[in-house]
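Numbering (numbering that gives the first Met the number 0), first residue to last: 0 to 390. Here is the structure we will look at, set down as structure tokens.
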Amino acid sequence: MVLGMVHEAVKGAVADVRSGVTAREKIEKAASLTRTFLRELFGLFSSAPYAVFTNSVWRKPEQYQQRWHFNLLRNVRYGPAERNLLDVYTPSSCTSKSSLPVVVFVHGGVWASGDKSLFSPVGAILAHHGVIALLVQYTLFPQVPAKEQVKEISRALSWAQDNVKGYGGNPDKVHMMGHSSGAHLCGMLLWERARRNLSFKKDVVSSAEPTDARQPRCYIGLSGVYNIGEHYKYEMWRGVAPISCMTPAIEGPKHFSSMSPELLFRSLLSLKMNQHVQDMDPNLEDLNTKDFDWDSWASSLPPFLSIVSDIDKTVPPGTSINFNHVLQELGCKSGVTIHEKLNHDDFVCWVKGFKGQENLAAQEVISNILDIVKGEDERSTFLHSEVLATD
0 MVLGMVHEAV
10 KGAVADVRSG
20 VTAREKIEKA
30 ASLTRTFLRE
40 LFGLFSSAPY
50 AVFTNSVWRK
60 PEQYQQRWHF
70 NLLRNVRYGP
80 AERNLLDVYT
90 PSSCTSKSSL
100 PVVVFVHGGV
110 WASGDKSLFS
120 PVGAILAHHG
130 VIALLVQYTL
140 FPQVPAKEQV
150 KEISRALSWA
160 QDNVKGYGGN
170 PDKVHMMGHS
180 SGAHLCGMLL
190 WERARRNLSF
200 KKDVVSSAEP
210 TDARQPRCYI
220 GLSGVYNIGE
230 HYKYEMWRGV
240 APISCMTPAI
250 EGPKHFSSMS
260 PELLFRSLLS
270 LKMNQHVQDM
280 DPNLEDLNTK
290 DFDWDSWASS
300 LPPFLSIVSD
310 IDKTVPPGTS
320 INFNHVLQEL
330 GCKSGVTIHE
340 KLNHDDFVCW
350 VKGFKGQENL
360 AAQEVISNIL
370 DIVKGEDERS
380 TFLHSEVLAT
390 D
């Protein structure tokens, strides 16, 4: 998993060094990339204490049930691929008749790393607060590109909507939550399902594609990437683009637009306003816009909540803010909560260290999530809450 990501990073670094014209340029590129690579690798290994603790929670949940009052069912299959597994975290008091709210969580990891067990405290803490949590695992790049990951995540959501009732969940209250690249995959999933509810002049859905158009009750994006081209520019500025798995996972710059949720929804906004659109989804040219009820379509989409941080150096908040503006102009319920003291990992690393001490920085994020998931009416919350409507 991590080795695959490192291998792709090395390949990218070698290609970038070879692009230098003179020997001096190649040496300077190599030195710069070596520093960047070592810095990123240090960050990866500095999280080892956290990984040891989360693995312990996942393997021996009975040792932590007094702390968080949860039950864990591991490795439930939701699809045919080897990694199509999810873990079900339920409150210890949950029964098949409980009808509790549900969160389907999709981890990040630059599309090339990550495992559901690494986020076991997320599942345990949500269950402790009366929420059923489904932590999803999916096939990583380079085994599959991002567009295939979207299909796998879609299967996981469909599985949840079809099966959570048997675990004590309410199928009408299945929420989706993604972090970083996982939020990007969720954004693409929401686009694909929204597209199926549009009116086309002819059938544009391949028989090989998923056809489920059901949306989650609400979508919560934690420091997500929604505009691949803009994030590539940011990666270039940081000096990490040559070792990042993003570009190859998206299958190159020619797919940046068609894999950017912000731009895909923006193209619909242009069509709604009868403006020329640079077609980023090849099917949009067959969209039947005459007499189309845009308001009804927008109301069928789930509320979107983006949670971001001003000091996040991995994924800056601008991409979520811009996505929010597009969604609001389309008539969707959407909001952004901006924090000031959260690093990128704080959004999902709710404990820290070998002993799993409480991560105080993450407490407001947990509160944001619970306010939405356990609210009686998420749409009303977005309409009336000043915090969630922050632009």
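Yeah, the Cβ is synthetic: ideal placement off N, Cα and C, and Gly gets one too. Given the structure is predicted, the values throughout are model-derived calculations rather than measurements.
N- and C-terminal bounds of the alpha helix (DSSP H) containing residue i
i: Gly181; result: 180 to 194
i: Val325; result: 317 to 328
i: Pro260; result: 260 to 271
i: Leu125; result: 119 to 127
i: Ser298; result: 293 to 298
i: Gly113; result: That residue, Gly113, is in no alpha helix (DSSP H); it is neither H nor E in DSSP.
i: Val372; result: 362 to 372
i: Val224; result: Note, Val224: premise wrong, no alpha helix (DSSP H); not H, not E.
i: Asn54; result: 47 to 58
i: Ala240; result: Ala240 -> no alpha helix (DSSP H), and no H or E assigned at all.
Proximity of residue i and residue j at Cβ, strictly below 8 Å
i: Val56; j: Ser119; result: yes
i: Gln160; j: Arg213; result: yes
i: Lys312; j: Trp293; result: no
i: Ser259; j: Ile227; result: yes
i: Ala193; j: Gly220; result: no
i: Gly177; j: Val101; result: no
i: Phe69; j: Thr89; result: yes
i: Tyr233; j: Met245; result: no
i: Ile306; j: Phe255; result: no
i: Val325; j: His343; result: no
i: Phe140; j: Pro241; result: no
i: Glu229; j: Leu268; result: no
Residue i, buried or exposed, once every other Cβ within 10 Å from all chains shown has been counted against 16
i: Val372; result: buried
i: Thr210; result: exposed
i: Ile131; result: buried
i: Phe41; result: Caution applies to Phe41, whose pLDDT of 49 falls short of 50 and renders its modelled position unreliable; the model cannot decide the point.
i: Asn74; result: exposed
i: Leu359; result: exposed
i: Val20; result: Here the model assigns Val20 a pLDDT of 48, short of 50, so the residue's position is not dependable and the matter cannot be decided.
i: Arg76; result: exposed
i: Arg58; result: exposed
i: Thr318; result: buried
i: Asp290; result: exposed
i: Trp158; result: buried
i: Asn83; result: buried
i: Trp110; result: buried
Cut-off 8 Å between Cβ atoms - residues of its own chain near residue i, not counting five sequence neighbours on either side
i: Leu188; result: Val149, Ile152, Ser153, Leu156, Met175
i: Gly352; result: Pro48, Tyr49, Phe52
i: Lys340; result: Ser308, Ile310, Ala360
Nonlocal neighbours in the same chain, by C-beta distance under 6 Å from residue i, ignoring five residues either side
i: Lys354; result: none
i: Trp190; result: Pro260, Leu263
i: Pro60; result: Leu71
i: Ser98; result: Asn169
i: His128; result: Leu369
Beta-carbon contacts of residue i that lie in its chain and below 7 Å, excluding the five residues immediately before and after
i: Phe124; result: For the sequence presented, residue 124 should be read as Ile rather than Phe. Result list for Ile124: Trp67, Trp349, Ile365, in chain order.
i: Pro170; result: Gln160, Val163, Lys164
i: Lys253; result: none
i: Glu363; result: His338
i: Ser91; result: Gln64, His68, Phe69, Asn70
i: Gly330; result: Trp293, Asp294, Ala297
i: Ala80; result: Thr138, Glu151
i: Glu357; result: Val350
i: Ile320; result: Val335
Closest Cα partner of residue i within the set the options
i: Val224; options: Leu268, Asn323, Leu84; result: Asn323
i: Val335; options: Trp110, Leu329, Pro316; result: Pro316
i: Gly186; options: Ser243, Gly107, Glu250; result: Gly107
i: Val173; options: Ser305, Arg216, Pro90, Leu262; result: Arg216
i: Tyr218; options: Asn321, Leu184, Val239; result: Leu184
i: Pro144; options: Leu326, Arg195, Gly251; result: Gly251
i: Leu369; options: Gly122, Ser299, Ser269; result: Gly122
i: Lys96; options: Tyr166, Asn321, Leu267; result: Tyr166
i: Ser179; options: Leu134, Arg195, Arg237, Ser222; result: Ser222
First through last residue of the beta strand (DSSP E) which encompasses residue i
i: Ala145; result: Premise fails: Ala145 lies in the alpha helix (DSSP H), 145 to 162, not in any beta strand (DSSP E).
i: Ile131; result: 131 to 135
i: His338; result: 333 to 338
i: Arg76; result: 69 to 76
i: Val307; result: 303 to 308
i: Val109; result: Val109 -> no beta strand (DSSP E), and no H or E assigned at all.
i: Val314; result: Val314 -> no beta strand (DSSP E), and no H or E assigned at all.
i: Val87; result: 84 to 90
Contact with chain B by residue i, beta-carbon distance below 8 Å
i: Lys172; result: No chain B is present in this structure, which holds just one protein chain.
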